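Residue 845 is where the sequence shown starts when you use my numbering, and the numbers rise one by one after that.
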Amino acid sequence: MKKWAILIVLLTIVVACNDEASKPSIEKLDEVNENVQAVIDMTSDDKFASVIYSEAATSYLLLNATGAVKIDVTPEGSKLNINIDHKVKDDVREVKDITYAFYLDQPYDKIHVFENGVEIPFEVWTE
C-alpha cells in the first residue's frame, strides 16, 4: 500500500511540474526590432492592448499603459488567455508604450485579453 501511495504522490508532482513547464514564458523588452517598432507605430494610441501573434516565432504584447502592469499568459487547451493586472494612474497624459515578448509552444485558435479581470477588445496583428 505504501508503494502505491508513493507512486501516486510522485505522479502528482510530475504532472504539476509538467503543467507549470508548459506555461508560456514572457519577458518585458526594453528595445524592439524594426518590424515590431513598425507595428507599434501603426497601433492606435486609444487601444490599451495589441497582440502580434506568430505561430512559428516570438509573439508580442503591446500596451499603452498609464501605470504599472503585471502580465500572466495562461493556455487553456486551444485558447490563450493574457491577464494584465494594470494599476491605472489618474494622469492619462503619461501613457507609456510597454512591449512584452512571449514564446508559445503550440498554435492557439483564440486569444483573450483581460485587464484587471475584465475581457477587453484588442488589436491583433499576425505574422
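The beta-carbon is built from N, C-alpha and C at its ideal position, and this holds for glycine as well.
The structure displayed is predicted, hence computed values, not measured ones.
How about V932 and G961: are their beta carbons less than 8 Å apart?
No, they are not a contact pair.
If you run the structure through DSSP and keep just helix, strand and coil, what is N908?
In the structure shown, N908 sits in a strand (DSSP, three-state: E or B).
By the three-class DSSP mapping on this structure, what secondary structure does V880 have?
Here V880 sits in helix by DSSP.
Figure out for me which residue from V876, I915, L948, Y904 has the closest Cα to the Cα of H930.
The residue with the shortest Cα to Cα distance from H930 is I915.
Whose C-beta lies closer than 6 Å to the C-beta of N925 among residues of the same chain, with five residues either side of it excluded?
T918, H956, listed in sequence order.
Quick one, are the C-beta atoms of V883 and W969 less than 8 Å apart?
In contact: V883 and W969 (Cβ atoms closer than 8 Å).
Suppose contacts are defined by Cβ-Cβ distances below 8 Å. Is V895 in contact with I942 by that definition?
Not closer than 8 Å, so no.
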